[in-house]
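Using my numbering, the first residue of the sequence shown is number 88, and each one after it goes up by one. Cβ coordinates follow ideal geometry from the N, Cα and C atoms, glycine included. Reading through the structure tokens given below for one structure.
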Amino acid sequence: MKKRVVILANDTTYTYNLRGAILEELVHQNYEVYVVSQVLEFKEELKKMGCYVINIDINRHGINPISDFKLLKKYRKILKEIKPSVVLSYNIKPNVYGGMICRKLKIKFFPNITGIGGSLYHTGFMRKIAITLNRIGLKDANTVFFQNQENWDFFKSHKILSNKTKICLLPGSGVDLKRNPVLKYPEDDNIRFLFIARIMKDKGIDIYLEIAKAMKEKYPNTEFHICGYCEEEKYRTMLQLYQQQGLIIYHGEQKNLLSFFEVADCIVLPSFHEGMANVLLEAASLGRMIICSDCSGCKEIVDNGKTGYAVSTGDTSKFIEMSEKVIGMSKSERKEMGLNGRRKIEKEFDRKLVVNSYLKAIDDALTL
């Protein structure tokens, strides 16, 4: 009889793009793999990979007792029916509520802390609730995976995890080097900046818009592209206005981002907090220089001045200064920074490292 593993995550797009390698390897090792998440894109690709896909709605914003209790009940029903040997979880609510059910059903549980999220990042009452929920949800986890040292330190300092809990620090989600090869560098005279993230304050969209406003007026040959879903409604009007003024080009949410990376000279992410910024990992793997915040989850990906620039988090004027510095560089200088980034990714962030860490943790737990 095949061993069964359930993946709990926010949605299928996230799961396919960032967890595909571990899913493929689990299928290859004769596991029955079930993906339990909201079905967005890539459902058919996951099925072709050999996974079973179960749709479940997740309200990933804030704490709503009614919708969260419904999610808890759905997880319980699904896990009781499937009876998995192992549950891997990603994102905040799958980690917390999946962990609660796994403890009740005595299922081996492996959550991944993909970032501390706004509820933990900001102070106040919501942080206290989030800390308590994480303590309960992660209490009996077999191994907790972290994507950067600062998140791990935060969990330790707030005593969220038991001293007995096994910890594994990963190089983020890693990068599939074959699926993200070095791209040919654009040769025309335009200089294109690219922002890829959910459109929300915590991702630094306000800073990026300020960069676009300052640079576009001064350098007409620059372009400022944006790809991402509007998480905060107020930005829809703002993006529309900036586009009408010719300051940005907004492409909405995109399933395939390769063509956008291909024409870009520099990727910009002024985020305030990250687990490990996948867009930066992919950008560097594809041979593109980056400008990002010096927060954890971003700064680890940059060798400052060699593969790009890490700027003080929230410092709009410094982001503008570094963007102008990029504009003043030659094509060959920008290209060389991008190639340096690729070398760093090959050495430190190969996704195989992540897959191997998971397989070892699962094997160790199942052989106890």
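How is the alpha helix (DSSP H) around lysine 405 delimited, first residue to last? Per DSSP, lysine 405 belongs to the alpha helix (DSSP H) from 403-415.
Rounded to the nearest angstrom, what separates glycine 291 and asparagine 178 at their Cα positions? Using only the alpha carbons, I get a separation of about 20 angstroms.
Got a sec? Which residues, its chain only, sit under 7 angstroms from leucine 158 by beta carbon, not counting five neighbours each side? Excluding sequence neighbours, leucine 158 sits near Ile145, Lys180 and Tyr184.
Closest to leucine 446 by CA distance: which of Asn229, Tyr337 and Ile143 is it? The shortest Cα separation from leucine 446 among Asn229, Tyr337 and Ile143 belongs to Asn229.
So what's arginine 279 in DSSP terms, helix, strand or just coil? Arginine 279: strand per DSSP, three-state reduction.
Rounded distance between the beta-carbons of valine 120 and leucine 110, thought under 8 angstroms: The C-beta separation of leucine 110 from valine 120 comes to about 6 angstroms, placing the pair in contact by the 8 angstroms criterion.
Taking the alpha helix (DSSP H) that valine 441 falls in, what are its first and last residues? Where valine 441 is concerned, the enclosing alpha helix (DSSP H) stretches over 438-453.
Secondary structure at threonine 252, three-state DSSP: helix, strand or coil? Three-state result, threonine 252: coil.
What do you reckon, are the CB atoms on threonine 400 and cysteine 382 nearer than 8 angstroms? For threonine 400 and cysteine 382, yes; Cβs fall inside 8 angstroms.
Use the C-beta contact count for threonine 324: other C-beta atoms within 10 angstroms, 16 or more gives buried, fewer gives exposed. With fewer than 16 Cβ atoms within 10 Å of its Cβ, threonine 324 is classed as exposed.
For the stretch 338-345 against the stretch 300-310, do three or more pairs of beta-carbon atoms, one drawn from each stretch, fall closer than 8 angstroms, so that the two count as touching? No, because fewer than three Cβ pairs between the stretch 338-345 and the stretch 300-310 fall closer than 8 angstroms, the two stretches do not touch.
DSSP state of leucine 198, grouped into three classes? The identity of residue 198 in the sequence shown is proline, whereas the question assumes leucine. Reduced to three states, the DSSP call for proline 198 is strand.
The alpha helix (DSSP H) that contains phenylalanine 76, what's its start and end? Absent from the model: residue 76. The displayed extent of the chain is 88 to 455, so no value can be given.
Using the C-alpha atoms, what's the distance from valine 140 back to valine 126? Valine 126 and valine 140: Cα-Cα distance of roughly 8 angstroms.
Can you tell me whether valine 126 is helix, strand or coil according to DSSP? In this structure, valine 126 counts as coil in the three-state DSSP scheme.
Terminal residues of the continuous alpha helix (DSSP H) containing phenylalanine 347? Per DSSP, phenylalanine 347 belongs to the alpha helix (DSSP H) from 345-350.
Can you list, in chain order, the stretches of the beta strand (DSSP E) that have 3 or more residues and sit fully within the stretch 134-159? For the stretch 134-159, the full-length beta strand (DSSP E) segments reaching 3 residues or more read 138-142 along the chain.
Applying the criterion that 16 or more other CB atoms from any shown protein chain within 10 Å of the CB defines a buried residue, is aspartate 450 buried or exposed? With fewer than 16 other Cβ atoms from the protein chains shown falling within 10 Å of its own Cβ, aspartate 450 counts as exposed.
Let me check understanding here. Comparing Cα to Cα, which of Met213, Gly224, His245 and Ile203 lies closest to leucine 192? Among Met213, Gly224, His245 and Ile203, the Cα nearest to that of leucine 192 is on Gly224.
Counted within 10 angstroms of its Cβ, other Cβ atoms place isoleucine 298 as buried (16 or more) or exposed: By the neighbour-count definition (other C-beta atoms within 10 Å, threshold 16), isoleucine 298 is a buried residue.
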